[in-house]
Amino acid sequence: MIIHEAIGNIRQNQIEDKIIDFLDLEWCETFRRIQRKKTRAGKDIAIKFLKEKQRILDGDILFIDNELAIVVNVLPTKSIILTPQSIIEMSAVCHDIGNKHLPLYFQEGILLMPFELTIFNWLKSNGFNPIVKEEKLLNLLNANVDHHKDSKIGTSLSTKGLNIKLSKED
(Lines of atoms letter the chains of each structure in order from A and count residues from 1; the text may use other names and numbers.)
(Lines give C-alpha, C1' and ligand atoms only; values in the text may rest on other atoms or scores of the structure.)
Protein backbone atom coordinates (compact mmCIF):
# COMPACT_ATOMS: atom_id res chain seq x y z
CA MET A 1 0.00 0.00 0.00
CA ILE A 2 1.44 3.40 -1.02
CA ILE A 3 0.49 6.48 1.02
CA HIS A 4 0.98 9.93 -0.54
CA GLU A 5 -0.63 12.05 2.18
CA ALA A 6 -2.43 11.88 5.49
CA ILE A 7 -6.23 11.77 5.22
CA GLY A 8 -6.68 13.58 8.51
CA ASN A 9 -5.81 13.24 12.18
CA ILE A 10 -7.66 11.37 14.91
CA ARG A 11 -7.73 14.57 16.99
CA GLN A 12 -10.13 16.08 14.44
CA ASN A 13 -11.75 13.02 12.82
CA GLN A 14 -13.87 10.47 14.66
CA ILE A 15 -13.02 6.86 13.77
CA GLU A 16 -14.49 4.99 16.76
CA ASP A 17 -16.29 2.40 14.62
CA LYS A 18 -13.05 1.28 12.91
CA ILE A 19 -10.39 -1.22 13.84
CA ILE A 20 -7.25 0.85 14.38
CA ASP A 21 -3.93 -0.57 13.19
CA PHE A 22 -1.08 1.62 14.44
CA LEU A 23 2.03 2.45 12.47
CA ASP A 24 4.69 2.99 15.16
CA LEU A 25 7.38 5.52 14.24
CA GLU A 26 10.41 6.89 16.08
CA TRP A 27 10.48 10.70 16.36
CA CYS A 28 13.23 10.94 13.70
CA GLU A 29 11.18 8.88 11.21
CA THR A 30 8.49 11.57 11.14
CA PHE A 31 10.85 13.71 9.03
CA ARG A 32 11.39 11.04 6.37
CA ARG A 33 9.23 11.64 3.35
CA ILE A 34 9.91 8.26 1.74
CA GLN A 35 10.03 5.05 3.78
CA ARG A 36 8.76 1.48 4.03
CA LYS A 37 7.30 0.26 7.32
CA LYS A 38 5.00 -2.40 8.77
CA THR A 39 2.01 -1.68 10.98
CA ARG A 40 1.50 -3.50 14.28
CA ALA A 41 -0.74 -5.99 12.43
CA GLY A 42 2.00 -6.60 9.83
CA LYS A 43 0.56 -4.63 6.92
CA ASP A 44 3.25 -3.28 4.54
CA ILE A 45 3.14 0.49 4.09
CA ALA A 46 5.14 2.61 1.65
CA ILE A 47 5.08 6.30 2.49
CA LYS A 48 5.87 8.73 -0.34
CA PHE A 49 5.20 12.27 0.82
CA LEU A 50 6.47 14.21 -2.20
CA LYS A 51 4.88 17.61 -1.58
CA GLU A 52 6.98 20.29 0.08
CA LYS A 53 6.70 20.68 3.86
CA GLN A 54 4.77 17.42 4.28
CA ARG A 55 5.49 15.76 7.61
CA ILE A 56 4.08 12.79 9.44
CA LEU A 57 2.38 13.70 12.73
CA ASP A 58 1.23 11.65 15.68
CA GLY A 59 -2.37 10.60 15.08
CA ASP A 60 -2.27 11.04 11.30
CA ILE A 61 -4.72 8.77 9.50
CA LEU A 62 -2.87 7.22 6.57
CA PHE A 63 -5.60 4.86 5.36
CA ILE A 64 -9.27 4.32 6.11
CA ASP A 65 -12.00 2.07 4.74
CA ASN A 66 -15.27 0.60 6.09
CA GLU A 67 -13.51 -1.53 8.71
CA LEU A 68 -9.91 -0.40 9.17
CA ALA A 69 -7.93 2.78 9.89
CA ILE A 70 -4.14 2.96 9.85
CA VAL A 71 -2.98 5.63 12.29
CA VAL A 72 0.51 6.95 13.11
CA ASN A 73 1.78 6.51 16.65
CA VAL A 74 4.99 8.38 17.51
CA LEU A 75 6.86 6.33 20.10
CA PRO A 76 8.16 7.86 23.33
CA THR A 77 11.93 8.34 23.41
CA LYS A 78 14.57 9.25 25.95
CA SER A 79 14.38 13.05 26.05
CA ILE A 80 15.96 16.06 27.67
CA ILE A 81 13.34 18.25 29.32
CA LEU A 82 13.89 21.91 30.13
CA THR A 83 11.57 24.17 32.08
CA PRO A 84 12.81 27.74 31.55
CA GLN A 85 12.11 30.04 34.49
CA SER A 86 11.78 33.23 32.41
CA ILE A 87 11.37 34.45 28.85
CA ILE A 88 15.06 35.44 28.90
CA GLU A 89 16.09 31.91 29.85
CA MET A 90 13.70 30.50 27.22
CA SER A 91 15.20 32.67 24.48
CA ALA A 92 18.77 31.90 25.58
CA VAL A 93 18.30 28.15 25.55
CA CYS A 94 16.38 28.24 22.23
CA HIS A 95 19.12 30.36 20.68
CA ASP A 96 21.93 28.12 21.94
CA ILE A 97 20.21 24.90 20.87
CA GLY A 98 19.21 26.43 17.53
CA ASN A 99 22.84 27.39 16.86
CA LYS A 100 23.71 23.72 17.26
CA HIS A 101 21.03 22.84 14.65
CA LEU A 102 19.35 20.38 17.01
CA PRO A 103 15.63 19.59 16.94
CA LEU A 104 13.70 21.32 19.71
CA TYR A 105 10.11 20.64 20.73
CA PHE A 106 7.68 22.75 22.77
CA GLN A 107 4.85 21.04 24.66
CA GLU A 108 2.77 22.34 27.56
CA GLY A 109 5.22 25.06 28.58
CA ILE A 110 8.34 22.91 28.48
CA LEU A 111 11.12 22.43 25.95
CA LEU A 112 12.08 18.91 24.89
CA MET A 113 14.79 17.45 22.73
CA PRO A 114 16.10 13.97 21.96
CA PHE A 115 18.65 12.86 24.54
CA GLU A 116 22.31 13.41 23.76
CA LEU A 117 24.77 13.09 26.63
CA THR A 118 27.06 15.93 25.51
CA ILE A 119 24.11 18.35 25.17
CA PHE A 120 22.68 17.20 28.51
CA ASN A 121 26.04 17.88 30.21
CA TRP A 122 26.39 21.23 28.43
CA LEU A 123 22.89 22.31 29.52
CA LYS A 124 23.59 21.17 33.09
CA SER A 125 26.93 23.01 33.26
CA ASN A 126 25.24 26.20 31.99
CA GLY A 127 22.61 26.12 34.74
CA PHE A 128 19.55 25.14 32.69
CA ASN A 129 18.62 22.23 35.05
CA PRO A 130 17.74 19.59 32.43
CA ILE A 131 16.03 16.34 33.37
CA VAL A 132 15.79 13.09 31.41
CA LYS A 133 12.47 11.34 30.83
CA GLU A 134 10.71 9.14 28.24
CA GLU A 135 8.42 11.43 26.22
CA LYS A 136 6.73 11.65 22.84
CA LEU A 137 8.35 14.40 20.79
CA LEU A 138 5.40 15.95 18.98
CA ASN A 139 5.44 19.74 18.51
CA LEU A 140 8.63 20.64 16.66
CA LEU A 141 9.66 24.27 16.89
CA ASN A 142 10.47 25.57 13.44
CA ALA A 143 12.31 28.85 13.25
CA ASN A 144 13.54 28.59 9.68
CA VAL A 145 13.45 31.86 7.83
CA ASP A 146 12.90 31.94 4.07
CA HIS A 147 15.46 34.52 3.01
CA HIS A 148 14.19 34.51 -0.56
CA LYS A 149 10.65 35.43 0.45
CA ASP A 150 11.60 38.88 1.80
CA SER A 151 14.38 39.80 -0.58
CA LYS A 152 13.82 43.57 -0.39
CA ILE A 153 16.48 45.58 1.38
CA GLY A 154 15.51 46.41 4.94
CA THR A 155 13.09 43.56 5.56
CA SER A 156 15.22 41.25 7.71
CA LEU A 157 14.43 41.08 11.42
CA SER A 158 17.77 42.65 12.34
CA THR A 159 17.22 45.54 9.92
CA LYS A 160 13.65 46.03 11.18
CA GLY A 161 14.98 46.03 14.75
CA LEU A 162 17.61 48.59 13.77
CA ASN A 163 14.96 50.76 12.10
CA ILE A 164 12.78 50.62 15.20
CA LYS A 165 15.74 51.49 17.44
CA LEU A 166 16.80 54.37 15.17
CA SER A 167 13.28 55.78 14.97
CA LYS A 168 12.96 55.81 18.78
CA GLU A 169 16.20 57.78 19.10
CA ASP A 170 15.01 60.52 16.70
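The sequence shown begins at 1 in our numbering and counts up one residue at a time.
Virtual Cβ for every residue (Gly too), placed ideally from N, Cα, C.
Under the rule that 16 or more other beta-carbon atoms within 10 Å means buried, what is T83, buried or exposed? The count along the sequence shown starts at 1 and reaches residue 83 at position 83. So T83 counts as exposed.
What residue from S91, R11, N66, R33 has the CA that sits closest to I19's CA? Within the sequence shown, the letter at position 19 stands for residue 19. The option with the nearest alpha carbon to I19 is N66.
Which residues share a DSSP beta bridge with V93? By 1-based counting over the sequence shown, the position of residue 93 is 93. Answer is none; V93 lacks a bridge partner.
From N13, R36, F49, A6, pick the residue whose C-alpha is nearest to that of F63; which is it? Here the question's residue 63 lines up with position 63 in the sequence shown. Nearest C-alpha to F63: A6.
Any 3 or more C-beta pairs closer than 8 Å across the stretch 80-95 and the stretch 41-56: No: fewer than three Cβ pairs fall under 8 Å.
Same chain, Cβ closer than 7 Å to E26, five either side skipped, listed in chain order: Translated into the one-based positions of the sequence shown, residue 26 becomes position 26. Only residues of its own chain outside the window of five on either side were considered, and among them L75, T77 have a CB closer than 7 Å to the CB of E26, listed in chain order.
Cβ neighbour criterion (16 or more within 10 Å) applied to M1: Counted from its first residue, the sequence shown places residue 1 at position 1. Counting of Cβ neighbours within 10 angstroms places M1 among the exposed residues, the total staying below 16.
One question on the structure: do I88 and E135 come within less than 8 Å of each other, judged by their Cβ atoms? Mapped onto the sequence shown, residue 88 falls at position 88. Mapped onto the sequence shown, residue 135 falls at position 135. No, these two residues do not count as a Cβ contact at 8 Å.
For N99, which of helix, strand or coil comes out of DSSP? Stepping through the sequence shown from its first residue, residue 99 is reached at position 99. For N99, the secondary structure class from DSSP, reduced to helix, strand or coil, is helix.
Nearest neighbour of F31, chosen from E16, N9, F49, P130 [CA to CA]: Counting from 1 along the sequence shown, the entry for residue 31 is found at position 31. With distances taken between CA atoms, F31 lies nearest to F49 out of E16, N9, F49, P130.
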